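Under the working numbering, the residue at position 369 of the sequence shown is numbered 473, and the numbers go up by one with no gaps. Think of the CB as a built atom: it goes at the ideal place given N, C-alpha and C, for glycine as much as any other residue. Since this is a predicted model, take the numbers as computed values, not measurements.
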Amino acid sequence: MWRSPGTPCLRLRDWPIAIRRITPSASRSSNAGGLNVSDNFDVVLTDSTAGATLGTQTVAGLAVGATATRTFNWNTTGAALGGHRLVATHSLSDANAANNRGAATVTVNAPVIDVAVTDVSSPASVTQGGTAAIGVTVQNVGGQNVVSTFNVVLTDATAGVTIGTQTVTGLAIGASATRSFSWNTTGATLGGHTLVASQTLTDDNAANNQRSATATVNPQPVDLALTAISAPGQVTQGDTAPVVVTVQNVGGLDVSTNFDVVLTDGTAGGITIGTQTISGLAAGATATRTFNWNTAGAAISGHILIATQKLADNNSSNDAVAIAVTVNAPNLHVGNLDGVAASNGNNWSATVQITAHDSRHNPVSGVSVRGLWNGANPEVGCVTSAAGTCSVVLSSLPNSIKAVSFAVTGMTLSGFVYKSSANHDPDGSSNGFSVTVKR
């Protein structure tokens, strides 16, 4: 075909169109003539079905043989459903109008309804009899709001049972909803379970209407716990202190075998105070044992007493419990003061008998007793006998002295402390500290 050498020829070539909600459409022009095109020209895209211009874009000239591509974003919101003839034209007057346009047909479909199960969250494992929280999330991934109510159903596919059903009252485009299910595993078989969550709305994409997760049901553990221990906070060396220990079966299985509970003195190198046996323990049940700790020979200090159950179980962290007890030195005190006078003619003598007691009011031998006559030095003393008594004598008292007094100032015995506040006199002849002897 002959063309004037001074007239360019532009050809509108094939062009791709991709369909989505906002659809990009591409139009490509090429210079099929023999002259460079230096002038600007427009490429116009129209929807001939709707009689609407979709867009206009400019090409700033085109060399011989060159091509230019322009992309048009076609917003199909409000577009009629069905086929649409899209026509692209360029505006340059050239020598061949026959190739100045190109067309393609695009079908506009209705927005889909698509509710997807996007997540199922489950613990990896659960102890048989426990309750596991399972979270299920659904999302509207379609192009229409869902205004109707639909259900989310969680099933245990392994057991073939429904765990629960919950309702979602509609879902806007892009919105999500999460529902939580409580899975009670009482009676569930041990091992892996496939939990399947599904949504019941009939939509345009069944492929994403369900999702699953796997959880393992483990056997209930054997777990004995030392739940309590009680003892007096302070004891006197030589006393017997009751230590009460409570053990409980906090696991999910009955314990039918015998097991021991052992009480040790951790401060004294872990020596065993006592061992007691419990002949099994039902799940949830408790048992209490009392250990009588004889503190004779125990160090005068704080002691940490540790109770331990000896059954091998699944949780060793609660197999022991401890308590602090302070062992105090035994004390001495005056248990009685008795004074008698003896006349020797022109003078007389006074004798005072002192009884030494321990904290349990038992007589104590070997106690060095010190005291003052009439509150004046020198200090005098005596040592108690096996009966816990000793006497001091003030002799050669002139008859002109009508009375004398003796006051205890101290008591000493290795391993004991003098506790003057405990001094007493059961017959009331003194106040336990001092006594008056009359001629």
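Contact set for residue i: own chain, Cβ-Cβ below 8 Å, skip 5 residues either direction
{"i": "I84", "result": "Outside the displayed span of the chain (105 to 543) sits residue 84, for which this structure offers no information."}
{"i": "G278", "result": "Q243, N244, V245"}
{"i": "A403", "result": "T371, A372, V431"}
{"i": "A424", "result": "L330, I410, A411, T412, Q413"}
{"i": "A183", "result": "D151, A154, V212"}
{"i": "V163", "result": "S133, N144, F145, D146, V147, A172, R174, H194"}
DSSP state of residue i mapped onto helix, strand, coil
{"i": "N398", "result": "strand"}
{"i": "T412", "result": "strand"}
{"i": "N322", "result": "strand"}
{"i": "N203", "result": "helix"}
{"i": "A335", "result": "coil"}
{"i": "G187", "result": "strand"}
{"i": "T253", "result": "strand"}
{"i": "S197", "result": "coil"}
{"i": "S509", "result": "strand"}
{"i": "A526", "result": "helix"}
{"i": "T175", "result": "strand"}
{"i": "T160", "result": "strand"}
{"i": "T259", "result": "strand"}
{"i": "G536", "result": "coil"}
{"i": "T153", "result": "coil"}
{"i": "T371", "result": "helix"}
{"i": "T180", "result": "coil"}
{"i": "I520", "result": "Residue identity differs from the one stated: residue 520 is Phe in this sequence, not Ile. In this structure, F520 counts as coil in the three-state DSSP scheme."}
{"i": "I126", "result": "Reliability of the predicted coordinates at I126 is poor, the pLDDT of 33 falling under 50, and no value is obtained from them."}
{"i": "A387", "result": "coil"}
{"i": "P215", "result": "coil"}
Sequence-distant residues of the same chain with beta carbon closer than 6 Å to residue i, five excluded per side
{"i": "V354", "result": "D327, A329"}
{"i": "V496", "result": "V456, V484, C486"}
{"i": "L305", "result": "V219, F254"}
{"i": "D308", "result": "V216, I217, D218"}
{"i": "D343", "result": "T399"}
{"i": "T381", "result": "N362, D364"}
{"i": "A490", "result": "S469"}
{"i": "N312", "result": "A220"}
{"i": "R393", "result": "V349, V365, Q380"}
Proximal residues to residue i (C-beta, below 7 Å), its chain only, five neighbours per side dropped
{"i": "A319", "result": "S226, P227, A228, S229, V230, A236, H297, L299"}
{"i": "G337", "result": "V429, T430"}
{"i": "I408", "result": "G370, T371, A426, A428"}
{"i": "N451", "result": "S500, L501, P502, N503"}
{"i": "A201", "result": "none"}
{"i": "R125", "result": "Low local confidence applies: a pLDDT of 33 at R125 is under 50, so the model's placement there is unreliable, with the coordinate-based value given in what follows. Only T180, G247 meet the Cβ criterion."}
Exposed unless 16 or more other CB atoms sit within 10 angstroms - verdict on residue i
{"i": "I375", "result": "exposed"}
{"i": "P434", "result": "buried"}
{"i": "L275", "result": "buried"}
{"i": "S533", "result": "exposed"}
{"i": "A465", "result": "A small fix is needed here, since residue 465 is His in this sequence, not Ala. Looking at its Cβ environment, which holds fewer than 16 other Cβ atoms inside 10 Å, H465 is exposed."}
{"i": "K542", "result": "exposed"}
{"i": "T361", "result": "exposed"}
{"i": "T127", "result": "Since pLDDT at T127 reaches only 41, below the 50 mark, its modelled position is unreliable, and the value read off the structure follows with that caveat. Buried is the call here."}
{"i": "T290", "result": "exposed"}
{"i": "L385", "result": "buried"}
{"i": "S252", "result": "exposed"}
{"i": "D417", "result": "buried"}
{"i": "L52", "result": "Nothing about residue 52 can be read from this structure; the chain reaches only from 105 to 543."}
{"i": "S538", "result": "buried"}
{"i": "G507", "result": "According to the sequence shown, residue 507 is Ala rather than Gly. That one is exposed."}
From the options, residue whose alpha carbon lies closest to that of residue i
{"i": "A332", "options": "L367, A310, T306, P325", "result": "L367"}
{"i": "V141", "options": "G182, A184, G159, H194", "result": "H194"}
{"i": "S421", "options": "V429, T430, A411, A428", "result": "A411"}
{"i": "A480", "options": "A335, I377, S509, I458", "result": "S509"}
{"i": "T540", "options": "D198, G182, I505", "result": "I505"}
{"i": "V240", "options": "Q303, T293, V359", "result": "Q303"}
{"i": "S173", "options": "G155, A192, G187", "result": "Looking at the sequence shown, residue 173 is not Ser but Thr. Minimum Cα distance to T173 is reached at A192."}
{"i": "D364", "options": "G378, D358, R474, G373", "result": "G378"}
{"i": "G439", "options": "Q232, Q324, L190, N535", "result": "N535"}
{"i": "V473", "options": "A454, V444, A446, F520", "result": "F520"}
{"i": "V210", "options": "W178, N204, V321, A454", "result": "W178"}
{"i": "L145", "options": "H188, L158, N204, G187", "result": "Sequence inspection shows Phe at residue 145; the Leu mentioned does not correspond to that position. Closest by alpha carbon: N204."}
{"i": "G206", "options": "L149, A511, V351, K523", "result": "L149"}
{"i": "A310", "options": "P482, G401, T222", "result": "T222"}
{"i": "W397", "options": "T390, A391, G406, A345", "result": "A345"}
{"i": "T160", "options": "V168, A167, F176, L166", "result": "F176"}
{"i": "A301", "options": "L476, G264, S447", "result": "G264"}
8 Å Cβ cutoff, residue i in contact with chain B
{"i": "G479", "result": "The question asks about chain B, but that chain is absent: this structure has only one protein chain."}
Residue i beta carbon near the ligand FMN (any heavy atom closer than 7 Å)
{"i": "D531", "result": "Looking at this structure, you won't find the ligand FMN or any other ligand, since it has none at all."}
What beta strand (DSSP E) runs, 3 residues minimum, are completely inside the region 416-492? 424-432, 435-447, 451-461, 472-477, 480-487
Complete runs of the beta strand (DSSP E) confined to the region 289-319 [at least 3 residues]: 295-303
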